[in-house]
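**Q** First residue of the sequence shown? That's 3 in our numbering, and the numbers climb one at a time after it.
Just so you know, even glycine gets a beta-carbon here, dropped at the ideal spot from N, CA and C.
These figures come from a predicted structure and were not determined experimentally.
Before I ask anything, here is the structure I am working with.
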Amino acid sequence: MKTIKAGIIGTGFIGPAHVEAARRSGFVEMIALCEANDDLAKAKAAQLGIPKAYGSVDAFLADPEIQVVHNCTPNHVHFEISKKIMAADKHVISEKPLAMTTKQSKELVKLAAKSGVVNAIDFNYRYYPLVQEAKDQVASGKLGDVFHATGSYTQDWLYLATDWNWRLVPEFSGESRAVADVGSHWCDAIQFITGLKITKVCADFQTIHKHRMKPKKQVETYSGKMLKPTDYEPMPINTEDFASVLFQFSNGAHGSFSVSQCFAGRKNRLFYELSGSKKSLVWDQERPNELWIGYREKPNELLIKDPSLLSERARAYAHYPGGHPEAYPDGLKNFLLRVYSHIAGKEKTADFSTFQDGHDELAICEAILASSRSQKWVTVKY
Numbered sequence: 003m004k005t006i007k008a009g010i011i012g013t014g015f016i017g018p019a020h021v022e023a024a025r026r027s028g029f030v031e032m033i034a035l036c037e038a039n040d041d042l043a044k045a046k047a048a049q050l051g052i053p054k055a056y057g058s059v060d061a062f063l064a065d066p067e068i069q070v071v072h073n074c075t076p077n078h079v080h081f082e083i084s085k086k087i088m089a090a091d092k093h094v095i096s097e098k099p100l101a102m103t104t105k106q107s108k109e110l111v112k113l114a115a116k117s118g119v120v121n122a123i124d125f126n127y128r129y130y131p132l133v134q135e136a137k138d139q140v141a142s143g144k145l146g147d148v149f150h151a152t153g154s155y156t157q158d159w160l161y162l163a164t165d166w167n168w169r170l171v172p173e174f175s176g177e178s179r180a181v182a183d184v185g186s187h188w189c190d191a192i193q194f195i196t197g198l199k200i201t202k203v204c205a206d207f208q209t210i211h212k213h214r215m216k217p218k219k220q221v222e223t224y225s226g227k228m229l230k231p232t233d234y235e236p237m238p239i240n241t242e243d244f245a246s247v248l249f250q251f252s253n254g255a256h257g258s259f260s261v262s263q264c265f266a267g268r269k270n271r272l273f274y275e276l277s278g279s280k281k282s283l284v285w286d287q288e289r290p291n292e293l294w295i296g297y298r299e300k301p302n303e304l305l306i307k308d309p310s311l312l313s314e315r316a317r318a319y320a321h322y323p324g325g326h327p328e329a330y331p332d333g334l335k336n337f338l339l340r341v342y343s344h345i346a347g348k349e350k351t352a353d354f355s356t357f358q359d360g361h362d363e364l365a366i367c368e369a370i371l372a373s374s375r376s377q378k379w380v381t382v383k384y
């Protein structure tokens, strides 16, 4: 397959993961990197083994060799940068959220359709083998009718009042934090698996740390545990640390989920339970190679990730034999492999999450935020 030349804008926590995953596809060459200034760009490019470094987005996008751009910048600049990428006639792969508001995301969906460039958004949990297996169980009728779904997404990286990140600042991250940051992944996963849309929500938010101690120097995501007390200054917080959400599916079934970034011991646990008329399915991202299958009339089962035991759909996402775990980096690799295969013309259909999916998740998050403020059920306006 012909080599595709790509570039990346933004190299914080998720950027290097994109670089690695793209390279693992086998036919992508990461040729350029863009950062906030020339010095940072050169340092990051040297660290990641990328030949070209740019301190300006405009100069980066003027490079005629770059065919695909990974937008891994902070939330508040996703919209403008994705617009510029498409205006430069380059394919775009964006981190979530797609934008800060549905007004912006609608515009990006329209621009993507008009420009004709390939557009994708990273909802990487879709691309785990056992999430694909769960989708097949539903699509094939093996689960039966969907009764209800429950679950959570819990983390402890903002557990302490001294934990700080740019995502705590609404101007950079948005008016919702925990729901928009990780709840969006849960909603996307459950909709992807069931093939159903979340149509109505009722939410309750809690800000556990009303004030946090902001470091006086910049720290990257998931870092900053070695700072001293004198390195901080107090800052008020008005986005949620915890949220609980009731919801209704498009088929009339109901469900609930909670999100927390202050749950000690949970590092990154996306967890769902899906109840059907024939069986139930349970999956935990911290134990990603196990799918629990529940029955009423016979013993329950534990399906271990093994290509020989999976459906044809899921088998395409499992690249190693049974007993060889696959997890977070592999989900991102599976996502990018499908995007780049489509760009290369190997796959005719876009079998990956697109800007439309990014818009849909923003619509759900906005409805959840509105519900938390009104304390009433709110209809999702897609």
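#1: So T104 and E368 are in contact, right, with Cβ under 8 Å, and what is the actual spacing, rounded?
#2: Cβ of L50 within 7 Å of Cβ of A151?
#3: What are the boundary residues of the alpha helix (DSSP H) that includes M237?
#4: Taking DSSP as the reference, what is the three-state secondary structure of K137?
#5: Rounded to whole angstroms, what's the CA-CA distance from L100 to A329? Just pull it up for me.
#6: Buried or exposed: which applies to L304, given that a residue is buried once 16 or more other Cβ atoms fall within 10 Å of its Cβ?
#7: First and last residue of the beta strand (DSSP E) that includes M32?
#8: CA-CA distance, D183 and D124?
#9: Under the assumption that A19 contacts L334 (Cβ atoms under 8 Å), give the Cβ distance between them as a whole number of angstroms.
#10: Can you pull the DSSP bridge partners for Q250?
#11: Quick one: residues in its chain with C-beta nearer than 6 Å to the C-beta of K202, no 5 flanking neighbours on either side, listed in chain order?
#12: Give the DSSP-derived three-state secondary structure of K396 in the structure shown.
#13: May I have the straight-line CA-CA distance separating A90 from G12, to the nearest angstrom?
#14: Rounded to whole angstroms, what is the Cα-Cα separation between S96 and K281?
#15: Residues in its own chain within less than 7 Å of R26 by CB, not counting five upstream and five downstream?
#16: Looking only at its own chain, which residues have a Cβ that is under 6 Å from the Cβ of S246, when we skip the five neighbours before and after it?
#17: Is the stretch 340 to 359 in contact with the stretch 147 to 165, if contact means three or more CB pairs nearer than 8 Å?
#18: Can you give me the C-alpha to C-alpha distance between N291 and L132, rounded to a whole angstrom?
#19: Does the stretch 356 to 375 come close enough to the stretch 106 to 117 to have 3 or more Cβ pairs within less than 8 Å?
#20: In this structure, does DSSP put W159 in helix, strand or coil?
#21: Is there contact here, the stretch 285 to 299 with the stretch 266 to 276, by at least three beta-carbon pairs under 8 Å?
#22: Leaving aside the five residues before and after E31 along the sequence, list all residues of the same chain whose C-beta is less than 6 Å from its C-beta, in chain order.
#23: Would you report the Cα separation of Q220 and P331, rounded to the nearest angstrom?
#24: Quick one, which of Y155, G9, V140, N302 has its alpha-carbon nearest N73's?
#25: For N302, does the count of other Cβ atoms within 10 angstroms reach 16, so buried, or fall short, so exposed?
#26: Within the same chain, show all residues whose beta-carbon is closer than 8 Å to that of F174, passing over the 5 residues directly before and after it, in chain order.
#27: Near K137, what residues of its chain come up, given a Cβ to Cβ distance below 6 Å and the 5 sequence neighbours on each side ignored?
#28: Strictly by DSSP, which residues pair up with K7?
#29: Assign R128 to buried or exposed, taking buried as 16 or more other Cβ atoms, counted over all protein chains shown, within 10 Å of its Cβ.
#30: Since I87 and V111 should fall inside the 8 Å C-beta cutoff, what is the C-beta to C-beta distance between them, to a whole number of angstroms?
#31: Under a Cβ-count criterion, where at least 16 other Cβ atoms within 10 Å of its own Cβ denotes burial, should D60 be classed as buried or exposed?
#32: What would DSSP say about F354, mapped onto helix, strand or coil?
#33: Check G153 in the structure and name its three-state DSSP category.
#34: Do L229 and P238 have their CB atoms nearer than 7 Å?
#35: Could you tell me the alpha carbon to alpha carbon distance between L248 and Q157, rounded to whole angstroms?
#36: Kindly list the residues whose CB is nearer than 6 Å to the CB of D308, restricted to its own chain and excluding five residues on each side of it in sequence; keep chain order.
**A** In short:
#1: Here residue 104 refers to the residue found at position 102 of the sequence shown. Here residue 368 refers to the residue found at position 366 of the sequence shown. Contact holds; Cβ gap of about 6 Å.
#2: Position 48 of the sequence shown, counted from the start, is the residue given in the question as residue 50. Position 149 of the sequence shown, counted from the start, is the residue given in the question as residue 151. No.
#3: Here the question's residue 237 lines up with position 235 in the sequence shown. Per DSSP, M237 belongs to no alpha helix (DSSP H); it is in the beta strand (DSSP E), 234 to 238.
#4: In the sequence shown, residue 137 corresponds to position 135, counting from 1. Residue state, collapsed to three classes: helix.
#5: On the sequence shown, position 98 is the one that residue 100 refers to. On the sequence shown, position 327 is the one that residue 329 refers to. The alpha-carbon atoms of L100 and A329 are separated by roughly 24 Å.
#6: If you number the sequence shown from 1, residue 304 lands on position 302. Exposed, since its Cβ has fewer than 16 Cβ neighbours within 10 Å.
#7: The residue you call residue 32 lines up with position 30 of the sequence shown. For M32, the enclosing beta strand (DSSP E) has its first and last residue at 30 to 36.
#8: On the sequence shown, residue 183 is found 181 positions in, with the first residue counted as 1. On the sequence shown, residue 124 is found 122 positions in, with the first residue counted as 1. D183 and D124: Cα-Cα distance of roughly 12 Å.
#9: As a position in the sequence shown, residue 19 is number 17, starting the count at 1. As a position in the sequence shown, residue 334 is number 332, starting the count at 1. Confirmed, about 6 Å.
#10: By 1-based counting over the sequence shown, the position of residue 250 is 248. Answer is K202, H256.
#11: The residue labelled residue 202 in the question sits at position 200 within the sequence shown. Cβ neighbours of K202 beyond the five flanking positions: Q250, W379, T381.
#12: Outside the modelled stretch of the chain, which goes from 3 to 384, sits residue 396, for which no answer is possible.
#13: Within the sequence shown, residue 90 is the residue found at index 88, counting from 1. Within the sequence shown, residue 12 is the residue found at index 10, counting from 1. The straight-line gap from Cα to Cα measures roughly 18 Å.
#14: Walking along the sequence shown from the start, residue 96 turns up at place 94. Walking along the sequence shown from the start, residue 281 turns up at place 279. For S96 and K281, the distance between alpha carbons rounds to 36 Å.
#15: Within the sequence shown, the letter at position 24 stands for residue 26. Correct list, in chain order: K335.
#16: Within the sequence shown, residue 246 is the residue found at index 244, counting from 1. Taken in chain order, the residues that qualify are D206, S260.
#17: no
#18: Within the sequence shown, the letter at position 289 stands for residue 291. Within the sequence shown, the letter at position 130 stands for residue 132. The alpha-carbon atoms of N291 and L132 are separated by roughly 7 Å.
#19: yes
#20: Numbered from 1 along the sequence shown, position 157 holds the residue referred to as residue 159. Coil, per DSSP.
#21: yes
#22: Reading the sequence shown from its first residue, position 29 is the one you call residue 31. Setting aside the 5 residues that flank it on each side, E31 is surrounded in the same chain by T5, K7, each with a C-beta closer than 6 Å to its C-beta; the list follows chain order.
#23: Against the sequence shown, residue 220 aligns to sequence position 218. Against the sequence shown, residue 331 aligns to sequence position 329. Near 26 Å, if we compare the C-alpha coordinates of P331 and Q220.
#24: Locating residue 73 in the sequence shown gives position 71, counting from the first residue. The shortest C-alpha separation from N73 is found at G9.
#25: Residue mapping note: residue 302 aligns to position 300 of the sequence shown, counting from 1. Exposed, because fewer than 16 other Cβ atoms sit within 10 Å of the Cβ of N302.
#26: Here residue 174 refers to the residue found at position 172 when the sequence shown is read from its first residue. For F174, where only same-chain residues beyond five positions count, the Cβ hits under 8 Å are P76, N77, H78, W168.
#27: Residue numbering aside, residue 137 sits at position 135 when the sequence shown is read from its first letter. Result list for K137: I195, in chain order.
#28: Position 5 of the sequence shown, counted from the start, is the residue given in the question as residue 7. Residue pairing from DSSP places K7 in a beta bridge opposite E31.
#29: Stepping through the sequence shown from its first residue, residue 128 is reached at position 126. The residue in question, R128, is buried, as its Cβ has 16 or more Cβ neighbours within 10 Å.
#30: Looking up residue 87 in the sequence shown gives position 85. Looking up residue 111 in the sequence shown gives position 109. Between V111 and I87 the Cβ distance is about 14 Å, and since that is not below 8 Å, they are no contact.
#31: For the purposes of this step, residue 60 is taken as residue 58 along the sequence shown, with counting starting at 1. Exposed.
#32: Your numbering for residue 354 matches position 352 in the sequence shown. Of the three classes helix, strand and coil, the one that applies to F354 here is coil, per DSSP.
#33: The residue you call residue 153 lines up with position 151 of the sequence shown. Here G153 sits in strand by DSSP.
#34: Counting from 1 along the sequence shown, the entry for residue 229 is found at position 227. Counting from 1 along the sequence shown, the entry for residue 238 is found at position 236. Contact: no.
#35: Residue numbering aside, residue 248 sits at position 246 when the sequence shown is read from its first letter. Residue numbering aside, residue 157 sits at position 155 when the sequence shown is read from its first letter. The straight-line gap from Cα to Cα measures roughly 20 Å.
#36: By 1-based counting over the sequence shown, the position of residue 308 is 306. Same-chain partners within the cutoff: G324.
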